[in-house]
Each structure stands twice: as structure tokens, then as C-alpha cells.
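Structure first, then comments.
Chains as they are written, first to last, in my numbering: chain S, 15 to 95; chain E, 14 to 437.
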């Protein structure tokens with residue numbers, strides 16, 4: 015899966031969780047939770063959707079490595095597949 | 014129209030889920046009502062048969078308005094046939110729906126719990142209500158009280174006064190249409206009040222702010238708050254949570270809010286005085302524990318629907334209940350019992366790094382528990398200094414209902430519960 019495709023999936027999930035936001039305007043190193051006002055419940059839903067869409071099972075202990083778009087793309091490109 | 018919160022004055026019927034002749038069971042959802050804050054599914058509180066629907070979808074009515082008549086099963090069928098007594102049976106055998114048992118809120122309306130005949134005698138009204146009624150020339154006999162046995166409270170008179178005010182302002186607003194006003198003059202007129210005439214929900218954001226404003230202003234005006242706080246070592250709870258979540262798929266993972274809510278519920282079992290209401294100058298401790306959990310809305314504002322009986326749930330059941338509640342809150346699909354039955358409120362502001370929460374109690378509740386962010390902090394124990402994940406728990410208590418000592422006992426119990434997470 016290309017980086018663009020992963021990004022597309024991430025944006026789709028973020029739009030579902032924060033419908034009023036435009037995730038495509040996120041800067042690569044912006045803290046997503048802060049930028050889109052995502053609480054721990056929304057965050058859990060994000061990871062549930064990510065699992066459904068990409069089949070990637072992210073352990074709780076890795077949440078800390080997934081704060082920004084660029085961190086997510088790095089992490090997911092390694093863990094998908 | 015049930016009062017679905019300390020701040021609700023009117024509600025708009027969105028739809029009926031039943032029709033006359035339908036048989037209903039206690040707990041069935043019979044209607045959807047739009048309040049300033051959200052669309053709420055209204056549950057029925059008695060078994061019976063729907064006899065009459067008196068409010069049309071789209072209609073906005075004040076809290077206390079009879080919306081439907083439900084004939085309860087208690088009416089012996091034979092009595093129904095006794096034609097001569099038909100009218101009497103109807104009065105005695107019907108209960109107005111939306112009677113909310115053990116009403117948690119002063120404003121929760123019990124439309125004349127006694128049959129109409131009972132109103133013929135002396136009118137029950139609080140002294141302040143009588144004075145207000147006299148000042149505004151309101152006929153107490155024409156009012157429907159929201160207190161026990163239909164007692165009229167000052168708030169009932171106030172709503173009658175404001176209803177009358179809206180009526181007259183509507184009339185005033187309607188008058189000019191008969192005498193055409195030059196356009197120029199019209200434009201110079203101040204805009205008509207958004208409250209009069211228009212349903213409050215047109216500006217949802219403003220409505221939700223007004224609702225919060227009313228409840229919080231009342232809280233600060235009436236409730237003498239006291240605050241206590243304690244730092245709680247969270248290493249055991251976090252360790253337990255981590256190992257529990259390792260065993261679970263992503264979908265079944267538990268959020269930190271779950272052990273916090275459960276610990277509050279169990280600590281309330283030890284200090285029940287904080288679980289209940291202050292109504293009619295009296296502390297009314299409640300037996301069932303229903304925790305109002307503050308849920309923020311993306312558009313701004315918050316709602317604190319109740320998780321009913323978390324003390325009796327396993328952590329997995331509680332997580333399911335919490336997920337369901339948050340999802341429905343944000344989708345605007347709450348049930349009436351969830352809006353009215355909270356006996357205490359829990360608010361967790363830890364997601365964004367707040368250390369301490371000083372809560373404002375949601376009347377008529379008598380306590381609010383706040384949690385900040387779990388932060389790694391220096392922690393001394395047995396003469397050794399180390400770093401531990403620590404949360405600051407606060408209690409806002411109503412000093413009319415309890416004293417600091419009870420509050421301190423509660424925070425101590427809460428701390429103990431969080432040191433034994435496997436027993437949660």
C-alpha cells in the first residue's frame with residue numbers, strides 16, 4: 015500500500031470522527047489529537063477503524079508513537095502487510 | 014413533557030413511537046423529544062395501553078404539559094364497563110405518562126400524581142410561589158405544580174409568568190401585520206427576540222449554552238460548594254489496565270475512565286451520603302448509583318448522561334455501556350432516564366493535560382468528582398523517593414448535604430479502590 019493510500023484511509027477515518035474538520039490541512043508534524051480535538055474515546059475509535067480498514071493491530075503501548083501524520087505513515091508502512 | 018434536566022423549560026415533540034391502542038411496557042421508548050441540548054428518547058414508566066396522544070409532532074410545550082394518557086393495567090376491566098362510572102374510572106385509572114418515579118430533579122414534573130379531583134381542595138404551594146403569584150396576578154389554581162402531590166413551586170409560577178410574557182410579546186409582534194408599516198421603519202425596529210416565537214433549537218449552540226448557563230448559575234447561586242482534593246498513585250491501576258488490554262482485541266479495550274467510574278461507584282457504596290439530591294431543603298440519599306458522566310460535544314458544550322448502576326457491572330459491561338452512551342450522546346440519541354437519573358457527576362479532563370478539576374455541582378445532585386491527567390510525579394513512600402503515575406482526584410461537595418469529613422472518607426475510599434484494581 016502506498017503512502018498516499020494510507021493517508022487517504024487515515025483522512026477518511028478522521029473525517030468520520032471529526033466531521034467538521036479537514037484533515038488534509040494537517041501539517042505532517044502537527045499533533046493530530048490536539049489539532050482535531052480528539053479525546054481518548056475518539057482515539058480508541060480511530061484505532062478500531064484503522065484495524066478494520068488496514069488490518070493492523072496496534073498495541074496500546076505503541077499509541078505514543080502515533081501522534082502526528084508523519085509518525086503514523088512511518089509506523090503503518092512498516093506494520094501493514 | 015418530562016423535565017430532562019435542571020435547565021429544561023420546554024421541549025419539542027419530534028415523533029411518537031406509539032399510537033393509541035398500543036400496549037406499552039415500562040421502559041419502552043414511546044416518543045422522541047428535542048430539548049435545548051439533544052434529542053431524547055422518552056421511556057414510559059408504567060405498563061399500560063396508550064389511550065390518547067395530546068401533543069402533535071413539531072409542537073413545543075412547557076415542561077409539565079400532559080403529552081399522552083396511558084391507561085394502566087391496574088384498572089380492573091370490569092370497572093371499565095360500568096358505564097355510569099366511566100368518567101371517574103378514566104380519571105383514576107389513567108396515569109399521565111412521563112411521571113418519573115423517584116424524581117431526581119426538582120424540576121422533573123410529576124403532572125398531578127394524584128387524580129385531578131384531588132386538586133379541588135386547598136392549593137398546595139410554597140410561600141415564595143404564593144408571593145410570586147400574587148405579584149404577577151397569576152391564579153395559583155390554574156397552575157400545575159411540579160412538587161410532591163402537585164405542590165406549586167416558585168419555578169412553576171416563574172414559568173407561567175414567562176409563558177404569559179411570551180404570549181403577549183407574540184401578540185405584540187403579530188399586531189403590526191394588520192397595519193402595514195413602512196419598510197424603512199420596520200428595518201429600524203430592533204430584531205425580535207430569538208426566544209419568543211421561534212423554537213429554541215434553531216440556534217443549537219446558543220441553546221446549549223443557555224441550558225448550561227441556567228444549570229450552572231443555579232448551582233453557584235444555591236449550592237455552598239466545598240472542595241477537597243487528593244493525589245492518587247495510579248501505578249497499580251495502570252499496570253492492571255495495560256495487562257487487561259493486552260488480553261483484548263482493539264475493539265474490546267478498556268479506557269481509563271472505566272476503572273475510574275467503577276472506583277467512584279464502589280467508593281459511593283461506602284459513603285452513600287454523596288450519592289443523591291438536595292431537594293426541598295432536605296438531603297435525599299439515593300440507593301441506586303447512577304453516574305452522570307460529562308461527555309463533551311464536538312460542536313461545543315457538554316451533556317452528562319447517566320450510566321445506570323455501574324457498581325453492578327463488570328469492567329467489560331461498563332466499557333460497553335460507556336461506549337454506547339458516548340456514541341449515542343454524540344449522535345443525539347439519549348433516553349429520558351439517562352437524562353434524569355444521575356445521582357452524582359464524574360468529569361474527567363485528563364485528556365488534555367489538566368491536573369486538577371474544580372467542578373460545579375449539577376443541581377439537585379450533591380457532589381461532583383473530578384479527575385485530572387495522570388502525570389508522572391515524584392512520589393515518596395517508605396522513605397524512598399521515586400516517580401509514579403499520579404492523578405489528582407477532586408470532590409466538589411454540597412455543604413448543605415455533607416461535611417468535609419464525609420468527603421474526605423469518600424476520597425480515601427476512592428484511593429483504596431484504585432490500589433486494588435483487580436477487585437474493580
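For every residue, glycine included, the Cβ atom is placed at its ideal position computed from N, Cα and C.
Here the structure is a predicted model, which is why all the values come from computation and not from measurement.
- Under the Cβ criterion of 9 Å, residue 58 of chain S is counted among the residues facing chain E.
- The Cβ atoms of residue 245 of chain E and residue 406 of chain E sit closer than 9 Å to each other.
- Beta-bridge analysis with DSSP links residue 291 of chain E to E/296.
- Between residue 291 of chain E and residue 414 of chain E the beta-carbon gap is near 5 Å, inside 8 Å, which marks them as a contact.
- Nearest CB-CB separation between residue 62 of chain S and chain E: below the 9 Å threshold.
- With the rule of 3 Cβ pairs closer than 8 Å, the region 307-320 of chain E counts as touching the region 346-365 of chain E.
- The three-state reading of DSSP puts residue 232 of chain E in helix, counting H, G and I together.
- According to the DSSP assignment, residue 420 of chain E belongs to no beta strand (DSSP E) but to the alpha helix (DSSP H) extending over 417-432.
- Listed along the chain, the chain E residues whose CB falls inside 8 Å of the CB of residue 34 of chain S are 311 and 312.
- If you look at residue 384 of chain E, you'll find it in the beta strand (DSSP E) that goes 380-384.
- In this structure, residue 272 of chain E sits near residue 431 of chain E, with a CB-CB distance shorter than 9 Å.
- With the rule of 3 Cβ pairs closer than 8 Å, the region 61-80 of chain S counts as touching the region 21-29 of chain S.
- Here residue 59 of chain E has 39, 83, 85 and 108 as same chain residues with Cβ atoms under 7 Å from its own Cβ, once five neighbours each way along the sequence are excluded.
- Close partners of residue 32 of chain E in chain S (Cβ separation under 7 Å) are lacking, with about 35 Å as the shortest Cβ gap.
- Of the candidates E/154, E/241, E/25 and E/236, E/236 places its Cα closest to the Cα of residue 377 of chain E.
- Taking a contact as a CB-CB distance under 8 Å, the pair residue 27 of chain E and residue 63 of chain E does not count as one, their CB atoms being some 17 Å apart.
- The C-beta of residue 74 of chain S comes closer than 9 Å to at least one C-beta of chain E.
- In this chain, the alpha helix (DSSP H) harbouring residue 68 of chain S covers 54-68.
- CA-to-CA, the gap between residue 404 of chain E and residue 384 of chain E works out to about 7 Å.
- Neighbours of residue 43 of chain S in chain E, taken as residues whose beta carbon is under 9 Å from its own, are absent, since the nearest beta carbon is some 19 Å off.
- Residues 54 and 56 of the same chain have their beta carbon placed closer than 6 Å to that of residue 348 of chain E, with the five preceding and five following residues left out of the count.
- Note on geometry: alpha-carbon atoms of residue 27 of chain S and residue 419 of chain E lie some 46 Å from one another.
- Around the beta carbon of residue 156 of chain E, 16 or more other beta carbons sit within 10 angstroms, so the residue counts as buried.
- The three-state secondary structure of residue 412 of chain E, taken from DSSP, is coil.
- The alpha carbon of residue 340 of chain E has as its nearest neighbour, out of S/15, S/16, S/30 and S/19, the alpha carbon of S/30.
- Boundaries of the alpha helix (DSSP H) around residue 20 of chain S: 17-31.
- With at least 16 other beta carbons inside 10 angstroms of its own, residue 331 of chain E counts as buried.
- Looking from the CA of residue 343 of chain E, the closest CA among S/55, S/39 and S/46 belongs to S/55.
- Chain-order list of chain S residues neighbouring residue 364 of chain E: 53 and 54, by C-beta distance under 7 Å.
- Residue 302 of chain E is positioned such that its CB atom lies closer than 9 Å to that of residue 282 of chain E.
- S/32 is the residue among S/16, S/19, S/32 and S/15 whose C-alpha sits nearest the C-alpha of residue 313 of chain E.
- Under a 10 Å Cβ-count criterion, residue 94 of chain S is classified as exposed, with fewer than 16 other Cβ atoms of the shown protein chains found around its own Cβ.
- In the DSSP assignment, the residues bridged to residue 320 of chain E are E/304.
- Rounded to whole angstroms, residue 69 of chain E and residue 37 of chain E show a C-alpha spacing of 19 Å.
- When the Cα atoms are used, residue 232 of chain E and residue 257 of chain E turn out to be separated by approximately 39 Å.
- DSSP, reduced to helix, strand and coil, places residue 407 of chain E within a strand of the structure shown.
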